[in-house]
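Student: Dropping the structure in here first, questions after.
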Amino acid sequence: MSGGEFVVLASALLSLTFWQFVVITAGVYAIFALGLQLQYGFTGLLNFGHIAFMAIGSYTMALLINKTHLAFVLNLGFGHLSVPATVSAALIAIVVTMAFGLLVGLPAIRLRADYLAITTIAFGEILRIFILNQDFTGGPLGTYGYGREFLGFSDTVTARAHSVGIELGRDRVLLILVWLAAGLLTLFLWRVVRSPWGRVLRAIREDEDAANALGKNPIAYKLQVMALGSGIAAIAGLFFSFQILILNPSSFEPLFTFFAWVIVLLGGTGSLRGVPVGALVFAFIFAGTRFFGFWPFSLLQAPDRAAVRLILIGLILIAIMAFRPQGIFGKKEELLLDR
Amino acid sequence: MGPAMNEVVQLTVNGLVVGSLIAISAVGLTLVYGILKIVNFAHGDYLTFGAYMALVANVTWSLSPILSAAFAVLATLAFSVAMEFALWRPMRGRGAGTTSLFLTSIGVALVLRHAIQWAWGPESVRYRIDVFQSYDLGLFRVSLNQVTVVGASALLIVATGLFLSRSRIGTAMRAMADDPELAGASGIDRDRIVVYTWIVAGALAGIAGMLLGVLRASITPNLGWFFLLPAFAAVTLGGVGNPYGALAGGLTIGLVMELSSLVVPFVYKEAIAFGVMILVLLLRPQGLLGKARVL
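Residue numbers (this note's numbering), protein chains in the order written: chain A, 485 to 823; chain B, -15 to 279.
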């Protein structure tokens, strides 16, 4: 490695901007994986096409902002509140994505686990090929420009905070928002899985026939979970859109779904606190190692480091399955894998 | 006016070429699925491994295409069998279930694909085989690489069919894929058949990978991964665990993919194949040829 490159890498390692990027990435992954944790960890659904729902959420919001300038106006009785176009589009995007979750689940949810996995990954690929080859999505060139209002909002918040002596900036505003959302969603799901509704989910996961015999329709519950998990994937997609600021089909490859799987399995199947922890560990390994300038990473050229990172992720996945299938926080009794 | 006759013929030829490759990739996938209950997501990357092993033989060592193919087959089946002893057998010993094995195979796929990328780089590489010569046969044109792939695949399909129907091992493999408990009760040595299954899956993946590299005239670390879902489509079409079904399913998927471009833009041909797979899983999960029974 040349001296100049080393300096760049060393400063990247120490740079706050870079670590903020890693933590934002971890927040997006955490939200994305929470949806999968609900579907797999608590209900036993083998969803391998989770990325499709993140793509639907991202593209729906971006295209609504770019093409319609649509914004809700709420009538509060004593006056009107106009909702910003970005928030309106984001809300519609979540609802649309949940509808797609239902739509995919309606025929597929009855399939046995491995067939559901293959069906959902195939759905994700069909969607990606569709996005890639349509004009209205921007095709391979992508969709961009939707982030203007959000960036303006970040700048306003930064300026207000500055006037009271707090230094933020665009990245830090996004970081706070994404982890706020991740925290709230974790708490929300924590309540959900302890509610009577959530107990039925676990009953279905443990013994579908028994739940059925008690008068709970497993299909209806699974469909609700499919919709809810898809909505959560859409929320991850919204923050992801604001992080990358240009949507491109290559950002929504099946590999991304497997990242969520690694996070869920790392944190522990059926463990909600395991998800943010798993996401931070994953983002540290995946994004963080990109700029490691010290041995043994210093022996590798940049493209090789990209390959080695994914080898590492694969080895972690194999190691979890072989040695600690319950993950960091999971309980062995709650393991779904051995059926 | 419908499409010109020679266009239909040309697409049919192309469909049979790619379909025969999907077919020989799908046989190994379906046998492993049926016999070991492993949904092997690394199977596509076994193809890639074969393609790069042939590259080493053909380009680095300057061996002939035939010898390169032989080396790709041997290396890939050795890898496939080594994985059985290093990973799959110990995991079965721990009582790992279908989902565990499925997820483990994704890990194997990631490691294998990116190890290949680390070793040979992400750039496209080629064999030292002249593949661009083509022949005009009146109704349609074929290129030398298409002839090679069709000829080799046809031989392999017949050989695989004969092996499965005539040999003792092939019969035992089909019996195990069909009903492992019944097969075990009738005195078939499970562990031995498992090793033979990996040999067949690895050998066919090795040669399919090389042929895919010849057909595409370009080899990248993603070569086999992109072939995995079409191969799964063939597996589901033929019924999981049914090797004859996988052969027929592969040819069907190849034809459907190519002929679909008469109706929809050709960029959607993979999407069409995946759509067919989803429909089969939803409507006839036992496959088009399979008998309905409780799954």
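A virtual CB, placed ideally from N, CA and C, is assigned to each residue, including glycine.
Quick check on this structure: which residue in B:Gly229, B:Thr32, B:Thr88 and B:Gly18 has the alpha carbon closest to the alpha carbon of leucine 110 (chain B)?
Tutor: The residue labelled residue 110 (chain B) in the question sits at position 126 within the second sequence. Contrary to the premise, residue 110 (chain B) reads as arginine rather than leucine in this sequence. It is B:Thr32 whose Cα lies nearest to the Cα of arginine 110 (chain B).
Student: How far does the alpha helix (DSSP H) with tyrosine 513 (chain A) in it reach, from first residue to last?
Tutor: Within the first sequence, numbered from 1, the residue matching residue 513 (chain A) stands at position 29. That run of the alpha helix (DSSP H) goes 500 to 520.
Student: Check whether chain B comes within 9 angstroms of leucine 658 (chain A), counting only Cβ atoms and requiring the distance to be less than that.
Tutor: For this step, residue 658 (chain A) is matched to residue 174 along the first sequence. Not an interface residue.
Student: As a quick exercise: from A:Leu529, A:Thr509 and A:Phe516, pick the residue whose alpha carbon is nearest that of valine 709 (chain A).
Tutor: As a first step, residue 709 (chain A) must be located in the first sequence, where it is residue number 225. Among A:Leu529, A:Thr509 and A:Phe516, the Cα nearest to that of valine 709 (chain A) belongs to A:Leu529.
Student: Anything in chain B within Cβ reach of proline 809 (chain A), meaning under 8 angstroms, just list it in chain order.
Tutor: Here residue 809 (chain A) refers to the residue found at position 325 when the first sequence is read from its first residue. Within 8 angstroms Cβ-Cβ: Ala80 and Ser84.
Student: Do you know offhand how far alanine 645 (chain A)'s Cα is from valine 761 (chain A)'s?
Tutor: Here the question's residue 645 (chain A) lines up with position 161 in the first sequence. Here the question's residue 761 (chain A) lines up with position 277 in the first sequence. Answer to the nearest angstrom: the Cα atoms are 29 angstroms apart.
Student: Return the first residue and the last residue of the alpha helix (DSSP H) that aspartate 693 (chain A) is part of.
Tutor: Position 209 of the first sequence, counted from the first residue, corresponds to residue 693 (chain A). Per DSSP, aspartate 693 (chain A) belongs to the alpha helix (DSSP H) from 692 to 697.
Student: What residue range does the alpha helix (DSSP H) around asparagine 226 (chain B) cover?
Tutor: Within the second sequence, the letter at position 242 stands for residue 226 (chain B). No alpha helix (DSSP H) holds asparagine 226 (chain B); DSSP gives it neither H nor E.
Student: Which of helix, strand or coil does DSSP assign to threonine 204 (chain B)?
Tutor: Taking the second sequence and counting its residues from 1, the one referred to as residue 204 (chain B) is at position 220. Here DSSP, grouped into helix, strand and coil, assigns threonine 204 (chain B) to coil.
Student: Which value, in whole angstroms, describes the spacing of the CA atoms of tyrosine 119 (chain B) and glycine 135 (chain B)?
Tutor: Translated into positions along the second sequence, residue 119 (chain B) becomes position 135. Translated into positions along the second sequence, residue 135 (chain B) becomes position 151. Using only the alpha carbons, I get a separation of about 15 angstroms.
Student: Exposed or buried, alanine 786 (chain A), counting other C-beta atoms within 10 Å across all chains shown (16 or more means buried)?
Tutor: Locating residue 786 (chain A) in the first sequence gives position 302, where the first residue counts as 1. Its Cβ having fewer than 16 others within 10 Å, alanine 786 (chain A) is exposed.
Student: Check whether chain B comes within 9 angstroms of arginine 823 (chain A), counting only Cβ atoms and requiring the distance to be less than that.
Tutor: Counting from 1 along the first sequence, the entry for residue 823 (chain A) is found at position 339. Caution applies to arginine 823 (chain A), whose pLDDT of 45 falls short of 50 and renders its modelled position unreliable; the model cannot decide the point.
Student: Starting from valine 746 (chain A), trace the alpha helix (DSSP H) in both directions and tell me its first and last residue.
Tutor: Within the first sequence, residue 746 (chain A) is the residue found at index 262, counting from 1. Unbroken alpha helix (DSSP H) run through valine 746 (chain A): 738 to 751.
Student: Answer with buried or exposed for proline 733 (chain A), where buried requires no fewer than 16 other C-beta atoms within 10 angstroms of its C-beta.
Tutor: As a working note, residue 733 (chain A) is residue 249 in the first sequence. Proline 733 (chain A) is buried by the Cβ-count criterion.
Student: Rounded to whole angstroms, what is the Cα-Cα separation between alanine 791 (chain A) and valine 43 (chain B)?
Tutor: By 1-based counting over the first sequence, the position of residue 791 (chain A) is 307. By 1-based counting over the second sequence, the position of residue 43 (chain B) is 59. Looking at the two C-alpha atoms, the distance is approximately 23 angstroms.
Student: Could you tell me which chain B residues have their CB closer than 7 angstroms to the CB of aspartate 598 (chain A), listed as they occur along the chain?
Tutor: Along the first sequence, read from residue 1 onward, the residue named residue 598 (chain A) stands at position 114. Within chain B, the residues near aspartate 598 (chain A) are Val23, Thr82 and Phe86.
Student: What is the DSSP secondary structure of leucine 756 (chain A), reduced to helix, strand or coil?
Tutor: One-based indexing of the first sequence puts residue 756 (chain A) at position 272. Note: leucine 756 (chain A) maps to coil in three-state DSSP.
Student: If you draw a straight line from the C-alpha of isoleucine 6 (chain B) to the C-alpha of valine 580 (chain A), how long is it?
Tutor: Along the second sequence, read from residue 1 onward, the residue named residue 6 (chain B) stands at position 22. Along the first sequence, read from residue 1 onward, the residue named residue 580 (chain A) stands at position 96. The straight-line gap from Cα to Cα measures roughly 36 angstroms.
Student: For the alpha helix (DSSP H) that contains leucine 712 (chain A), what are its first and last residues?
Tutor: Along the first sequence, one-based indexing puts residue 712 (chain A) at 228. 702 to 728 is the extent of the alpha helix (DSSP H) around leucine 712 (chain A).
Student: Less than 7 angstroms between C-beta atoms, sequence neighbours within five positions excluded: which residues of the same chain meet that for serine 245 (chain B)?
Tutor: Position 261 of the second sequence, counted from the first residue, corresponds to residue 245 (chain B). Counting only Cβ-Cβ distances below 7 angstroms, and skipping sequence neighbours, we find Leu(-5) and Lys253.
Student: Can you tell me the Cα-Cα spacing of isoleucine 535 (chain A) and glutamate 737 (chain A), whole angstroms?
Tutor: Working through the first sequence from its first residue, we reach residue 535 (chain A) at position 51. Working through the first sequence from its first residue, we reach residue 737 (chain A) at position 253. Answer to the nearest angstrom: the Cα atoms are 7 angstroms apart.
Student: As a quick exercise: from A:Leu669, A:Phe634 and A:Leu547, pick the residue whose alpha carbon is nearest that of leucine 520 (chain A).
Tutor: Walking along the first sequence from the start, residue 520 (chain A) turns up at place 36. Leucine 520 (chain A) has its Cα closest to that of A:Leu669, out of A:Leu669, A:Phe634 and A:Leu547.
Student: Quick check on this structure: which residue in A:Leu560, A:Gly533, A:Ser735 and A:Phe537 has the alpha carbon closest to the alpha carbon of leucine 625 (chain A)?
Tutor: To locate residue 625 (chain A), count along the first sequence from 1; it is residue 141. For leucine 625 (chain A), the nearest C-alpha among the options comes from A:Ser735.
Student: Can you tell which of B:Ile237, B:Gly208, B:Thr88 and B:Ile113 has the C-alpha that lies nearest to the C-alpha of serine 46 (chain B)?
Tutor: Against the second sequence, residue 46 (chain B) aligns to sequence position 62. Restricting attention to B:Ile237, B:Gly208, B:Thr88 and B:Ile113, the CA atom closest to the CA of serine 46 (chain B) is found in B:Ile113.
Student: What do you get for isoleucine 50 (chain B), buried or exposed, if any count of 16 or more other CB atoms within 10 angstroms of its CB means buried?
Tutor: Within the second sequence, numbered from 1, the residue matching residue 50 (chain B) stands at position 66. With fewer than 16 other Cβ atoms within 10 Å, it is exposed.
Student: Could you tell me if valine 278 (chain B) is buried or exposed, where buried requires 16 or more neighbouring beta carbons within 10 angstroms of its beta carbon?
Tutor: Residue numbering aside, residue 278 (chain B) sits at position 294 when the second sequence is read from its first letter. Annotation note: pLDDT 41 at valine 278 (chain B) (below 50); position unreliable, coordinate value reported separately. The residue in question, valine 278 (chain B), is exposed, as its Cβ has fewer than 16 Cβ neighbours within 10 Å.
Student: State buried or exposed for threonine 242 (chain B), treating a residue as buried only when at least 16 other CB atoms are found within 10 Å of its CB.
Tutor: One-based indexing of the second sequence puts residue 242 (chain B) at position 258. With the sequence shown as reference, residue 242 (chain B) is identified as glutamate, and threonine is not the correct amino acid for it. Answer is buried; the Cβ neighbour count reaches 16.
Student: Go ahead and label proline 249 (chain B) buried or exposed: buried means 16 or more other beta carbons lie within 10 angstroms of its beta carbon, across all protein chains shown.
Tutor: Here residue 249 (chain B) corresponds to residue number 265 of the second sequence, with the count starting at 1. Per the 10 Å Cβ criterion, exposed.
Student: Take the Cβ of methionine -11 (chain B) as the centre, count every other Cβ of all protein chains shown within 10 Å, and call the residue buried at 16 or more, exposed below.
Tutor: Taking the second sequence and counting its residues from 1, one reaches residue -11 (chain B) at position 5. Exposed, by the Cβ-count rule.
Student: Exposed or buried, which one is valine 247 (chain B) when buried takes at least 16 other CB atoms within 10 Å?
Tutor: Walking along the second sequence from the start, residue 247 (chain B) turns up at place 263. The residue in question, valine 247 (chain B), is exposed, as its Cβ has fewer than 16 Cβ neighbours within 10 Å.
Student: Is any beta-carbon of chain A found at less than 9 angstroms from that of phenylalanine 55 (chain B)?
Tutor: Along the second sequence, read from residue 1 onward, the residue named residue 55 (chain B) stands at position 71. Judged by the 9 angstroms Cβ criterion, phenylalanine 55 (chain B) is not in contact with chain A.
Student: Whose Cβ in chain B lies nearer than 8 angstroms to the Cβ of tryptophan 745 (chain A)?
Tutor: What you label residue 745 (chain A) is simply residue 261 of the first sequence in a count that begins at 1. The contacting residues are Leu87 and Ile90.
Student: Can you tell me whether valine 57 (chain B) is helix, strand or coil according to DSSP?
Tutor: For the purposes of this step, residue 57 (chain B) is taken as residue 73 along the second sequence, with counting starting at 1. In the structure shown, valine 57 (chain B) sits in a helix (DSSP, three-state: H, G or I).
Student: Whose C-beta lies closer than 6 angstroms to the C-beta of threonine 82 (chain B) among residues of the same chain, with five residues either side of it excluded?
Tutor: What you label residue 82 (chain B) is simply residue 98 of the second sequence in a count that begins at 1. Here the set comprises Lys21.
Student: Figure out for me which residue from B:Gly271, B:Arg268, B:Ala232 and B:Phe211 has the closest Cα to the Cα of alanine 255 (chain B).
Tutor: Taking the second sequence and counting its residues from 1, one reaches residue 255 (chain B) at position 271. That would be B:Phe211, whose Cα lies nearest to the Cα of alanine 255 (chain B).
Student: Who are the Cβ neighbours of glycine 168 (chain B) in its own chain at under 7 angstroms, not counting the five residues just before and after it?
Tutor: As a working mapping, residue 168 (chain B) is identified with position 184 in the second sequence. Result list for glycine 168 (chain B): Arg174, in chain order.
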